[in-house]
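Chemist: Next up is a structure, given as structure tokens.
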Amino acid sequence: MNIGIDKISFHVPNYYLDMTDLANARETDPNKFHIGLGQDQMAIIPETQDIVTLGASAAAKILTDEDKKNIDMVIVGTESSTDFSKSASVIIHELLEIQPFARSFEIKHACYGGTAALQQANDYVTLHPDRKVLVIAADIAKYGLNTGGEPTQGCGAVAMLVTKNPHLLAFNNDSVFYSEDVYDFWRPAGHDYPLVDGHMSNQVYIDSFTRIWEQNKKVNHTDSSDYAALTFHLPYTKMGRKALRAIFSEMSEEEQQRLEARYDEAVVYSRQVGNLYTGSLYLGLMSLLDNGDLAAGDRIGLFSYGSGAVSEFFSMTLMDDYKTYLSIEENQALLSSRQQLSIDEYEAMFNKKLPTDGETYTFSDYTAYAINKISGDIRYYNK
Ligand code: COA
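Residue numbers (numbering that gives the first Met the number 0): 0 to 382.
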């Protein structure tokens, strides 16, 4: 019996900044962002939306009433939580009217949390094959205005429904893990933005990938020719490409071109969104499925990386007729219908924060699941 991703969807807010505008405002050559980092646009979120808004919006697109009756767990992987205690999952569970006898909780380890959630879902459904698990990877990547990390910001959520006999992808249960206690990126309590050594994080990412790739070859007896595509965590789209190229020396030129062509298909969406932290790997997976032409039975390798640092490499196999279950036009329309912001509008939106004085304030953001009121430090969401 196969266990895997039955349905997948993503959501981003309705606003974006063009990277040429950011480059001009920061007196930088736009090619540094478009070519050097591989980013064309960056998703921007208003203060009336958060990971609950993003996660609920992504999940609402794929869940039927029947699914909601059969979901036993709602797991949110995130590093953008607004609460140290209560999870976003329990709020999303209620907003989506999932049956009440369910577990809801958050999982954290930087950008790795979505993968931890997905693998936990795999374990649960393996033991309870008639039940389903909703996994959400939702984040808001903010480094601050005029910082080195600013062009690698972004936000969004990916929702995945894990079931038996999935329509899209089945787990191959071949995960290889790697953990190393390093400080390349971390956000101590009280800090609005992460502390980051960007160049160190690039290096730890590449080293983690090459180590885990060697381990994967040993443990799973595979090499690059066993994978129709390799997908990567995408803090910016050049990052995964650098990691992929780090193993090129073991491949023929033809093999390098094959994997790089698949890589280009996997970064179409992220070039327009930027970093979603936990969701980035899975937005890349969606981009590959929507923009590539893979065949049923193809094996896709996934490299998940969370600074600090935890990584995992695993593979999934494409199911028969998977193409029938994609929402390519809807996904493209979500990105193309967004409103472009000027640099002034972006900076104003970036600086706006919800009040934290415990008083009552109401808001007129009528987007689905946006915050319409805050009172006593409780956020109230549109349904
Ligand atoms: N045209 C084309 N490419 C250009 C360019 C230009 N005019 N100017 C610079 N570049 C290239 C550089 O050569 C470099 O490419 P390379 O990485 O292949 O060598 C790339 O653009 C980035 O330039 P760099 O000088 O390294 O940028 P930076 O000092 O501003 O830092 C990050 C880039 C990613 C480290 C920074 O944005 C950051 O800290 N981001 C947050 C952390 C992060 O995303 N880490 C990733 C791992 S989780």
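From the three backbone atoms N, C-alpha and C, an ideal C-beta is built for every residue, glycine too. This structure is a prediction, so every number in the text was calculated from the model and none was measured.
Is the Cβ-Cβ distance between A242 and R298 less than 8 Å?
Modeler: no
Chemist: Nearest by alpha-carbon distance to T279: which of D292, E78 and I70 is it?
Modeler: Residue 279 is actually Ser in this sequence, not Thr. For the residues D292, E78 and I70, the minimum Cα distance to S279 belongs to E78.
Chemist: Should T209 and A245 be called a contact, given that it needs their Cβ atoms to be closer than 8 Å?
Modeler: yes
Chemist: What is the DSSP secondary structure of L229, counted as helix, strand or coil?
Modeler: strand
Chemist: When the Cα of Q339 is compared with those of S8, F362, V272 and I4, which residue comes out closest?
Modeler: V272
Chemist: Mind reading off the beta-carbon distance from Y192 to G143? Whole number of angstroms is fine, and I expect it under 8 Å.
Modeler: Contact between Y192 and G143 holds: CB atoms are separated by about 5 Å, below the 8 Å threshold.
Chemist: Taking the beta strand (DSSP E) that M315 falls in, what are its first and last residues?
Modeler: V309 to L317
Chemist: Can V195 be considered in contact with the ligand COA, in the sense that its beta carbon sits closer than 7 Å to one or more heavy atoms?
Modeler: yes
Chemist: Are there any heavy atoms of the ligand COA lying less than 7 Å away from the beta-carbon of S237, as far as the coordinates show?
Modeler: The question names Ser, yet the displayed sequence has Lys at residue 237. Because some heavy atom of the ligand COA lies under 7 Å away, the Cβ of K237 counts as near it: yes.
Chemist: In this structure, how does DSSP classify F247 when only helix, strand and coil are distinguished?
Modeler: helix
Chemist: Flag I389 as yes when its Cβ comes closer than 7 Å to any non-hydrogen atom of the ligand COA, and as no otherwise.
Modeler: Absent from the model: residue 389. The displayed extent of the chain is 0 to 382, so no value can be given.
Chemist: Could you tell me whether the Cβ atoms of I61 and A120 are closer together than 8 Å?
Modeler: no
Chemist: Could you tell me which residues DSSP pairs with S336 in its beta bridges?
Modeler: BP columns for S336 are empty, so no partner.
Chemist: Does F83 pass the burial test, meaning 16 or more other C-beta atoms within 10 Å, or should it be called exposed?
Modeler: exposed
Chemist: When the distance is taken between beta carbons, is S174 closer than 8 Å to Q256?
Modeler: no
Chemist: Tell me the start and end of each unbroken alpha helix (DSSP H) in the stretch 24-105 that is at least 4 residues and wholly inside, in chain order.
Modeler: 50-59, 64-69 and 87-94
Chemist: Run through the DSSP bridge pairs and tell me what K131 is partnered with.
Modeler: I70
Chemist: Assign P128 to buried or exposed, taking buried as 16 or more other Cβ atoms, counted over all protein chains shown, within 10 Å of its Cβ.
Modeler: It is exposed - the Cβ of P128 has fewer than 16 other Cβ atoms within 10 Å.
Chemist: Measuring CB atoms only, is the stretch 247-265 touching the stretch 284-291, in the sense that at least three cross pairs come out at less than 8 Å?
Modeler: yes
Chemist: Once DSSP output is grouped into helix, strand and coil, what is the label at Y14?
Modeler: strand
Chemist: Taking only heavy atoms of the ligand COA into account, decide whether any of them is closer than 7 Å to the Cβ of Y204.
Modeler: yes
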